[in-house]
């Protein structure tokens, strides 16, 4: 035995899953048996039939009570022929509250005709009203003497038996079976297996054993195995009233001759003697009524050290086996949280207690967990549960938990200080107050309270507090953004973020956030980029921002230098290479304007060193060719132009690029005219999808100079791109195209493409916005009532779709172009429509309404 033993008392060390040891006393001699008592479930299997070394019996005093688990399993297990109600026993066996007796409302069959009886019986059978069905079919049998009603009557009897068994009314079910024997003796003979199992359920074990001995030769193999396994579990349950049952089986019966080995194995397991238990199981053959018991016990032994092995044993046990309830607590422990959530099986009280023992939980911990389940749904309830935890939680865990909850329940501060002592740290007290205000969403006071907390830290001048101060300043900036929005609080946010950098200058995210906030102030943003480059000279994302900023400022030499540094860090960065090529080409343009053609050509050569694609090289050669033409090198320049154009997949794109660069380089008019003629020849056909998207990409990458160049090229290209509105695009492609036309102020194209997009994607509110913007030329033309209503609908759709960017875009456009006080009242869309209909016809010149018009309007529609 594990532990020591003497003649009076045995102390048993119980090893739980948590590997904590507990001592349980074993008193002897007595014949009381408990269920869970060993290191896992503590099932005592001491018997009178198995010789014991010291005393006749051991009874393990467990924590669950004196009712035997295996007895519960057997008395609660279902008959083999009723698998459909097996899982319902535990859930449906609860007693229902008694109802007041009233008049029996069941359908009377005394005065029904044969046809009516047949219909009533079939209806009751179909609806599961088996008691009424029995009455109807029994009367049909009596009156018609027709044997065809025997089968539905048998089905009604068996359905009623199933109902009663599911409710745990086993004795009543046995009475119904005896009624069926009387009514249908031939039918009942074929259901000996059901009869035997019902007798066991009704605790008439002697009658069940006698009937089994008489009928076992007539039973099917499956039914016989099931009944023998039920008897095996019944014998192992060690109920005092069943002590003589084993002797009633023949000496050569497996139920009797294998019982001592099974009983000894279970007793050894209960005493923690796993090796002896496994040795006893070796005497039990594979084809045995105790087979599933062997699998269960082997799995229970392996559970604590080899859980995968334990699961393999448990998986071999059929779910309908009487021993399946024995392993259900172990299976519950082996399942993960997701499996337990999906598992519809409900653990009974005994099984739940077994799981608690497997986890090594004492009564106080179990009570604490139950209180958490019932009361910890709110922070206050959780706080009260923790304060009442007693010894379940160590103070090193309990105090931090309660401290964190104070922000959610500041009213519990006195209780906290009473248990753990006062909060002496002034900053911590202020921090809790600020968090409490933030949780309660007290916007006006939150920021001020955080600043007070920050001031306390700054006053200490403790170097260890610098990071805390920086974090608080960043948090304040985030609160300002959340409360006031980025548009109206950029300066305040920047101030807080810059204060944070004074304490934590290495936080790159803060530097980048300030850079983002300066997007409406290009000059300040450029200076901020230079400061970032001083602090982070080797950071790729900072270097990339520096390249972009330098290109925007036409500082192409600086952009090239930064791009080279970036490529040393990230050699395969395609975007950087493209930026670097663009920087060299732009620098070449700048030098060509200064008539430094040799240097401009060198820039083209430098750009070629970074080329990785045909179109980029084509752009370089076109630029180089145009510069050669400016020098008067016509032959070499035209050759380079031809070579550059050949690198493009589509001729229209190549010639469009030539025209754009000719404008950027201020080529002589005769050359511009020639290039324009070449472009017209290439754009006579309808553009393909890929061609149009390449043009759009080129325009989206444009700077201010390119936009002015586009205005001169657009006359030639406009008919070409108009034809593209009939093409089919993906949603993201249409958004890109509409953004491009909006940026280029091509409102006719924006309206055409927006209309096409809205037809294809009517649920996207952004396209409705582009239609109205294109139609009104970005608000230059007065919006009609219909336009305003469409924009309002689009805004609501964006809000429902949680598309805040589109919603803000539309609302800003409406605020800008439809002022709230323009017509003197809230119903803006309706008033605008009425005003337009009253004072402007379709042919009237669009004009700004005069004061007299507005006055007259309100005289007519003053009710609004």
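Numbering (the working numbering), first residue to last: 97 to 960. In this text, a Cβ means the ideal position worked out from N, Cα and C, and glycines have one as well.
Determine the direct distance from the alpha carbon of residue 498 to that of residue 482, and round the result to whole angstroms.
Whole-angstrom Cα-Cα distance: 7 Å.
Cutoff 7 Å; reference residue 113; Cβ partners in own chain excluding five residues on either side
For residue 113, the predicted model reports a pLDDT of 29, less than 50, meaning its position is unreliable and no value from the coordinates is stated.
Kindly indicate the opening and closing residues of the alpha helix (DSSP H) around residue 350.
Residue 350 -> alpha helix (DSSP H) spans 350-353.
Which two residues bound the contiguous alpha helix (DSSP H) that contains residue 413?
In the DSSP assignment, residue 413 falls outside any alpha helix (DSSP H), carrying neither H nor E.
In chain order, what residues of the same chain lie with their CB nearer than 8 Å to the CB of residue 747, ignoring the 5 residues before and after it?
Contacts found: 741 and 778.
Could you have a look at residue 825 and say whether DSSP puts it in helix, strand or coil?
Of the three classes helix, strand and coil, the one that applies to residue 825 here is coil, per DSSP.
Span of the alpha helix (DSSP H) around residue 771
Its alpha helix (DSSP H) spans residues 765-778.
Continuous alpha helix (DSSP H) assignments of at least 4 residues falling wholly in the stretch 491-562
Those alpha helix (DSSP H) runs which fall completely within the stretch 491-562 and span 4+ residues are 491-501, 509-516, 522-536 and 539-556.
Between residue 726 and residue 732, what straight-line distance do the alpha-carbon atoms span, to the nearest angstrom?
Per the coordinates, the alpha-carbon of residue 726 lies some 11 Å from the alpha-carbon of residue 732.
What do you get for residue 486, buried or exposed, if any count of 16 or more other CB atoms within 10 angstroms of its CB means buried?
Counting C-beta atoms within 10 angstroms of its own C-beta, residue 486 has fewer than 16 neighbours from the protein chains shown and is therefore classed as exposed.
Using three-state DSSP, classify residue 379 as helix, strand or coil.
For residue 379, the secondary structure class from DSSP, reduced to helix, strand or coil, is coil.
If we ignore side chains and look at the alpha-carbon of each, how far apart do residue 569 and residue 593 end up?
Taking the straight line from one Cα to the other gives about 6 Å.
If I'm right that residue 795 touches residue 836 with Cβ under 8 Å, what's the distance once you round it to whole angstroms?
Residue 795 to residue 836, Cβ: 5 Å. Contact.
Less than 9 Å between the C-beta atoms of residue 638 and residue 670, yes or no?
No, Cβ-Cβ distance for residue 638 and residue 670 is not below 9 Å.
The alpha helix (DSSP H) with residue 461 in it runs from where to where?
Here the alpha helix (DSSP H) through residue 461 covers 459-471.
Report yes or no: do three or more beta-carbon pairs, one from the stretch 370-378 and one from the stretch 325-334, lie closer than 8 Å?
No: the two stretches stay apart, fewer than three of their Cβ pairs being nearer than 8 Å.
According to DSSP, is residue 874 part of a helix, a strand, or is it coil?
In this structure, residue 874 counts as coil in the three-state DSSP scheme.
Consult DSSP for residue 857 and reduce its assignment to one of helix, strand or coil.
Residue 857: coil per DSSP, three-state reduction.
Find out if the Cβ-Cβ distance for the pair residue 358, residue 380 is shorter than 9 Å.
Note that the C-beta distance between residue 358 and residue 380 is below 9 Å.
Residue 276 - DSSP class collapsed to helix/strand/coil
Reduced to three states, the DSSP call for residue 276 is helix.
Please work out which residues of its chain come closer than 8 Å, Cβ to Cβ, to residue 347, disregarding the five sequence neighbours upstream and downstream, and give them in chain order.
Closer than 8 Å at the Cβ level, and outside the excluded window around residue 347, lie 353.
Going by the beta-carbon positions, is the gap between residue 721 and residue 735 smaller than 9 Å?
Contact flag set, yes.
Grouping DSSP H, G and I as helix and E and B as strand, with all else coil, what is residue 586?
Residue 586: helix per DSSP, three-state reduction.
Going by the beta-carbon positions, is the gap between residue 868 and residue 842 smaller than 9 Å?
No; because the gap between Cβ atoms is not below 9 Å, this pair is not in contact.
Beta-carbon separation of residue 834 and residue 862 under 9 Å?
Yes, they are a contact pair.
Where does residue 615 sit, in a helix, a strand or coil, going by DSSP?
Coil at residue 615, not helix or strand.
Just curious, the alpha helix (DSSP H) that residue 668 is in, first and last residue?
For residue 668, there is no enclosing alpha helix (DSSP H), since its DSSP letter is neither H nor E.
Can you give me the start and stop residues for the alpha helix (DSSP H) that residue 481 sits inside?
For residue 481, the enclosing alpha helix (DSSP H) starts and ends at 475-483.
Would you mind stating whether residue 261 and residue 297 have Cβ atoms separated by less than 9 Å?
Taking 9 Å as the cut-off, the Cβ atoms of residue 261 and residue 297 count as close.
How big is the Cα-Cα spacing for residue 1028 and residue 699?
Outside the shown range of the chain, which is 97 to 960, sits residue 1028, and nothing can be said about it.
My output table needs one value for residue 804: the three-state DSSP class, helix, strand or coil.
Here residue 804 sits in helix by DSSP.
May I have a chain-ordered list of the alpha helix (DSSP H) segments no shorter than 4 residues that lie completely inside the stretch 701-746?
Taking 4 residues as the minimum length, the alpha helix (DSSP H) runs contained wholly in the stretch 701-746 are 710-727 and 730-742, in order along the chain.
Considering only the alpha carbon of each residue, which of 431, 845, 458 and 510 lies closest to residue 479?
Out of 431, 845, 458 and 510, 510 has the C-alpha closest to the C-alpha of residue 479.
Need the endpoints of the alpha helix (DSSP H) that residue 390 sits in, please.
Start and end: 387-398.
My parser needs the alpha helix (DSSP H) runs of 4 or more residues fully inside the stretch 888-916; what are they?
With a minimum length of 4 residues, the continuous alpha helix (DSSP H) runs that stay inside the stretch 888-916 are 900-913.
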